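Positions in the sequence shown are counted from 1; adding 32 to them yields this note's numbering. C-beta atoms are modelled at their ideal positions from N, C-alpha and C, and glycine is treated no differently. Keep in mind that this is a model prediction, so the values were computed, not measured.
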Amino acid sequence: MVSKVNSNTKSVLVAEHEEATMPYIKIEIPEHKKQLAQVVYRDTDNDNEHLASSAVLEGEAGKRITYSTDRVVKHFKNKGYTLKNNGFDPEGQVHYFDSNDATIQTFYVDLKHELVKVTPQHPGKPNTPINNGDSLGPKWEKETAKSNLFKDITRTINYIDEHGKQLAGSIVQMTRLTQSGILDKVTGKWIKPLTWNKSNGTLSSQILREIEGYHIVEIDRNFENNSYKKENVKEENHLINIIYALNDVNIKNTRLVPSVQKIKFTDEEGNELQAPSIQENVFIYTGDTVDKVTDKVLKTGSWNQQSYTYDVVEVPTIKGYVADSGYIIRDNKKITGNLTATYNTPNVTRTVIYKKCNSKTHADIFKGISLSKKPIASIIDDPTQNYNSNHISSLDLVGLSGIK
């Protein structure tokens, strides 16, 4: 029994020998269990096949789960995978342990197979790894080499007669076919096998040629509206022959043009001293090929020769005369002729003019002249010199004296 409370000391005085009953409350202290979590990597292109798992992660409920998927994701990217969905830390998201003791907290990282399109611009490298970081993984096949991914295709159009003779230049068109496919980088297998692309193998249309003097008798493949139509080519080269036959024709305007070289021998007055030297030739024009129907010249004729040079004629010696002009001296001979005629100027003429010999003797000419060197008479008598007595005054008479 309480008898007194001292307010100053804040103490309670209890009567001696009196018993007091105090109640107790039991406090339960819970046992702290660790929570479990795990990150699972799976292949979504292969029915969510399990690829890998992290170790079981432990921690207290509400605590942050410390783990990064970067290393494992990089590992699978090196094997040809690409990240489809990161269920653990997309964009750096933070996760915490839950408080469910009955399950393991599971996060899924979904990966899919990376696909690569193989083209001439992006070929493979045969016998080397498809994935640079995976030397033991699948390798590029031989058919992925650049040289196997394109092919140059030609379409050749020939213009020929019935005997196969070419009548006009061929038209050669070229286009490049390419093939492409889609490859799985994980398995190395084709998702879409290599296939030739028709869209990039198109040839433009070509109008048929008209060849003068001929008409078409045979045409093969893809002819439409007077032209070879636009075409999507296949994998082989194309050869097209257009066969022509010759129209009936006439040959017109044939010509024969006689030609003459005439060398005359006359005196200074033009009197003929000897019969002229005559040489003959003929210029021949084959004639023009003319279409019988249209009268159009299909082919112009030609001359058998454009020009003709006649032979040299030796100047004859005529008694009482000496050749004065119309010749040259070659190898100590007086020659003339060697004229050139054409079909436009077929007749060519040259005149050799002679002068009458002087009756005076050499002695009369040189009377009273003293000679210290070779007599000038020996020069005059030289048949190779084109001189006569009237030319003496023009000579350089070195060694002569007494000439006034």
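For P348 versus E312, is the C-beta distance shorter than 8 Å? no
Where T374 falls: helix, strand or coil (DSSP): strand
Residue ranges of each beta strand (DSSP E) within the segment 176-205, 3 or longer: 182-193
Which residues in the same chain have their Cβ closer than 6 Å to the Cβ of R208, if we skip the five residues on either side of it in sequence? F182, D184
Would you kindly check if the distance between the Cβ of V148 and the Cβ of L226 is under 8 Å? no
Beta-carbon proximity of F120 to F139, cut-off 8 Å: yes
Tell me whether L371 is buried or exposed, calling it buried when 16 or more other Cβ atoms sit within 10 Å of its Cβ. buried
Measure the C-alpha to C-alpha separation of E90 and E175 and round it to an integer number of angstroms. 51 Å
In angstroms, rounded to a whole number, what distance separates the CA positions of I248 and D327? 19 Å
From I203 to G213, what does the alpha carbon distance come to, in whole angstroms? 33 Å
Can you tell me which of the three DSSP states D121 falls into? coil
Burial state of R103 (16 or more Cβ within 10 Å): exposed
I want to know whether the segment 310-325 touches the segment 350-357 - three or more CB-CB distances under 8 Å. no
Among residues of its own chain, excluding the 5 on either side of V344, which ones have a beta-carbon nearer than 6 Å to its beta-carbon? I367, G369, N370
Please name the residue, chosen from Q137, A87, I243, that lies closest to A277 on a Cα-to-Cα basis. I243
In the structure shown, what three-state DSSP assignment does T76 receive? helix
What's the call for G112, buried or exposed, on a 16-neighbour Cβ count within 10 Å? buried
If we count the other Cβ atoms within 10 Å of its Cβ and call it buried at 16 or more, is I239 buried or exposed? exposed
Out of V329, K351, V322, which has the shortest C-alpha to C-alpha gap to F297? K351
Between the C-alpha atoms of N118 and T101, what's the straight-line distance to the nearest angstrom? 8 Å
Restricting to runs no shorter than 4 residues, where is the alpha helix (DSSP H) found entirely within the segment 279-342? none
Could you tell me which residues DSSP puts in a beta bridge with I361? K366
Reduced DSSP secondary structure (H/G/I, E/B, other) of D142: strand
Measuring only the C-alpha atoms, how far is D413 from D299? Note on D413: pLDDT 46, under 50, position unreliable in the model; the coordinate value appears next. Their backbone Cα atoms lie some 21 Å apart in a straight line.
For the candidate residues T98, E250, N132, whose alpha-carbon lies nearest to that of G124? T98
Taking C-alpha atoms, which residue in G165, K171, Q153 lies nearest to N159? K171
With burial defined as no fewer than 16 other Cβ atoms inside 10 Å of the residue's Cβ, what is the status of A373: buried or exposed? buried
Return the CA-CA distance between L235 and I223, expressed in angstroms with no decimal places. 30 Å
On the DSSP bridge assignment, give the partners of S85 in chain order. V72
Could you tell me the boundaries of the alpha helix (DSSP H) in which R241 lies? Note, R241: premise wrong, no alpha helix (DSSP H); not H, not E.
Selection from N78, I385, V105, Y386 that minimises the alpha carbon distance to T219: N78
Determine whether the beta carbon atoms of A93 and D130 lie at a separation below 8 Å. yes
Leaving aside the five residues before and after V380 along the sequence, list all residues of the same chain whose C-beta is less than 6 Å from its C-beta, in chain order. Q293, L371, A373
Reducing DSSP to helix, strand and coil, say where H107 ends up. helix
What span of residues does the beta strand (DSSP E) with K224 cover, start to end? 222-229
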